[in-house]
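**Q**
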Amino acid sequence: MDIYTSILGAADAAEHHDRLHHLAHHHAVDVLRLSRADLARRRLRTRTEAGLEVAIALPREQKLFEGALLALTEDRALVVRVETEHWLRLAPRDTAAALRLGYFCGNLHWRVRFEQAHVLVAVETDARVYLERLEGLLAEGVVTLLPDAGAAK
Amino acid sequence: MTRISEMPDSPAPGPARVGIGGPVGSGKTALIEALIPIFVERGVELAVVTNDLVTKEDARRLQAGGLIDPRRVVAVEAGACPHTVIREDPTLNIAAADDLEARFPGLDLILIESGGDNLASTFSLDLVDWWMFVIDVGQGDDIPRKRGPGIMLCDLLVVNKLDLAPHVFVDAQAILAEAREVRAGTPVIGCRCKGAQIEGVAEIADAIMRAVLFRQVAA
Ligand SMILES: Nc1nc2c(ncn2[C@@H]2O[C@H](COP(=O)(O)OP(=O)(O)OP(=O)(O)O)[C@@H](O)[C@H]2O)c(=O)[nH]1
Ligand SMILES: [Mg+2]
């Protein structure tokens, strides 16, 4: 098992462009796909898309990011990619509903974003877990779940 | 075969940091007390950070226990909701871990016990690399079904005090099965940390060693 203890740079940096381009042609760029939450970890053990078991142990002051380059040799590269996130898009009916929804999400420590009059909740476990909690507000009709859930970036 | 790939001159990664959260009295400190001899035997260099609301009770207990060099145990007094100092603002705990790291350069692992809290408490991944949540069978067999964030998001769910199940009228195997179901296959270990017949603790040590120390342990 390989243990990576530093980040070599960013995959989109100009200095790595040619080498990565060349390796990509030879299908030699392996990807470590991580959830947004896992990016915060300094240590983890997981598998790459090519099926290799790898471990990461970074110094505390370093942090993984989308495109972080973990390996770059003559014949292989390993790049971190962040999984597409899923969000629940919630529309409160009016100001009173928005206050309640905001308080509610905060109370449960959900990670949220705001887009105009919508609250987007990051799905970090199972969507069902979030929907169960929202059941009351949804049933009351003060909050509506909108369909374009996965569209948010 | 383990290969370590690093840049020349890159700073050493330092010891792994593992969080232990869970409700008041579920057995977090007892689990640490049961883990220490196992880690000592396996040659893992260990230190502990404890969190209490306004006292240093847990740190004193570990320091007095004779299992670990008392200087390797540091107390953080949260002075607020326990989850605040492990999630929203973990700076006190990060400082405590940094301090241990500086004083004991050979450390492999720092265990960070949160103050007892409710099922919603979770650890910041800025503070720990991996964390477990400890509940016990005495809290009722419906605890896993309640799906608090602590239960759902932890890397390992520990169900402690298996020995008490018959006395509190619950079926330990059913609790474990339900916990596995709500966690959709992510790890759950049942254990007993106190008494003559300790069980499940070696498996917890294995899980930690595999996940963050990257030691090979028998499957
Ligand atoms: N029967 C039984 N008792 C246990 C077990 N583990 C812990 N206990 C008891 O449970 C009580 C609480 O244990 P602690 O280790 O102090 O719990 P804690 O989670 O650290 O508690 P706080 O730090 O106060 O939240 C103590 O009386 C322990 O002796 C176990 O496996 N079986
Ligand atoms: Mg304790």
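For the record, the sequence lines run as chains A and B.
When we follow the numbering used here, the leftmost residue of the first sequence carries the number 14, and every step to the right adds one.
When we follow the numbering used here, the leftmost residue of the second sequence carries the number 170, and every step to the right adds one.
A virtual CB, placed ideally from N, CA and C, is assigned to each residue, including glycine.
Do A:A84 and A:L77 have their C-beta atoms within less than 7 Å of each other?
**A** Cβ atoms of A:A84 and A:L77: not closer than 7 Å.
**Q** Hey, B:V339 and B:D305 are a contact pair by Cβ (cut 8 Å); roughly how many whole angstroms apart?
**A** Not really, about 10 Å apart at Cβ, beyond 8 Å.
**Q** Helix, strand or coil, according to DSSP, for B:T355 in the structure here?
**A** In this structure, B:T355 counts as coil in the three-state DSSP scheme.
**Q** If we cut at 7 Å on Cβ distances, does A:R134 have a partner in chain B?
**A** Contrary to the premise, residue 134 of chain A reads as Val rather than Arg in this sequence. By this cut-off, A:V134 is not an interface position.
**Q** In the DSSP assignment, find the unbroken beta strand (DSSP E) run with B:V242 in it and report its ends.
**A** Run containing B:V242: 242 to 246, per the beta strand (DSSP E) assignment.
**Q** Which residue marks the beginning of the alpha helix (DSSP H) containing B:N287, and which one marks its end?
**A** Careful: B:N287 lies outside any alpha helix (DSSP H) and carries neither H nor E.
**Q** Should B:T219 go down as buried or exposed, given a rule of 16 or more other Cβ atoms within 10 Å for buried?
**A** It is buried - the Cβ of B:T219 has at least 16 other Cβ atoms within 10 Å.
**Q** Touching or not, the stretch 250 to 266 of chain B and the stretch 277 to 287 of chain B, by the rule of three or more beta carbon pairs under 8 Å?
**A** Yes, the stretch 250 to 266 of chain B is in contact with the stretch 277 to 287 of chain B.
**Q** Report buried or exposed for A:Y17, applying the criterion of at least 16 other Cβ atoms within 10 angstroms of its Cβ.
**A** By the 10 Å Cβ count, A:Y17 comes out buried.
**Q** Using a Cβ-based criterion (distance less than 6 Å to any ligand heavy atom), does B:S195 qualify as near ligand 1?
**A** Checking the Cβ of B:S195 against ligand 1 gives yes.
**Q** Roughly how many angstroms lie between the CA atoms of A:A152 and B:E368, to the nearest whole one?
**A** If I take the Cα positions, the gap works out to 45 Å.
**Q** Got a sec: is the Cβ-Cβ distance from B:R384 to anything in chain A below 7 Å?
**A** No, because no Cβ of chain A sits closer than 7 Å to the Cβ of B:R384.
**Q** CB of B:D305 to nearest heavy atom of ligand 2: below 6 Å?
**A** B:D305: no, Cβ never under 6 Å from ligand 2.
**Q** Quick one: what does DSSP say A:T167 is sitting in, helix, strand or coil?
**A** With chain A covering only 14 through 166, there is no way to say anything about residue 167 of chain A.
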